[in-house]
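Q: Take 1 as the starting number for the sequence shown in full-length UniProt numbering and just add one per residue. Ideal Cβ placement from N, Cα and C applies to all residues, glycine included. Just so we're clear, the structure is a prediction, and the values are computed from it rather than from any experiment.
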Amino acid sequence: MSPRKSVADTRRTRERIIDRSVAIASVDGLEGLTIGRLATDLGMSKAGVLGHFGTKEALQLAALDGASAIFMRLVWEPAADAAPGLTRLTAVLEAWNRYLETERGAFPGGCLFTTAAVEFDARTGAVRDAVARLYRFWRRRLVAELRIAVARGELPATADPEQLAYELIGAYLALNQAIQLERDSAAPDRTRRAVARLLAAG
């Protein structure tokens, strides 16, 4: 086997492990990730799985990074070329709605970040810090678009981007819960109406 092929095979195997880890963690939490389960699911040895990450914490962090990449691909990238401000923000929020409503391949248990936040919010350590960092990153993205919208006059000058971002995130956390816990098929449209009211009120 050539060194180049070996590197490519190693990368593909690592990606398979991360993809399966994301799917498991969305249902059972990051603590539900076990080397034994991954090995069984993927037809690998435990040593083969562990050899790619070294520790369970490293595997959990890799799963978070993998989930973040999926989220950005499904929610941010479809709107990335839209005009900055309210146009792009509206496109992002609609993509976020669809992501929670329909994405059951990578996230069969719903949004992994919501699951991880509940699981780790009262803990300390690298995984908790990574979850918090991802939330802060996403909130800053929303705030940036809201500030542009205010500067362009698309939202009232009195609008508070930080407060609006806080309330928007709350709406989507509620949507994830309504879909996952209550199986509420009306929740996506309720969320659209709530978001439209928030943006209209500024």
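With three or more beta-carbon pairs closer than 8 Å as the criterion, would you say the segment 70-85 touches the segment 141-151?
A: yes
Q: Would you say the segment 116-125 touches the segment 87-97, given that touching needs at least three Cβ pairs under 8 Å?
A: In this structure the segment 116-125 does not lie against the segment 87-97, because fewer than three pairs of beta carbons, one per stretch, are closer than 8 Å.
Q: Tell whether a beta-carbon distance below 8 Å holds between Val-131 and Glu-57.
A: no
Q: Apart from the five residues just before and just after Asp-189, which ones in its own chain have a Cβ nearer than 7 Å to its Cβ?
A: none
Q: Quick one: grab the DSSP three-state call for residue 204.
A: With the chain running from 1 to 202 in the structure shown, residue 204 is simply not present.
Q: In whole angstroms, what separates the C-alpha of Arg-14 from that of Asp-81?
A: 31 Å
Q: Where does the unbroken alpha helix (DSSP H) through Thr-87 begin, and where does it stop?
A: 86-102
Q: Is the beta carbon of Gly-202 less than 8 Å from the beta carbon of Ala-165?
A: Going by C-beta atoms, Gly-202 is not nearer than 8 Å to Ala-165.
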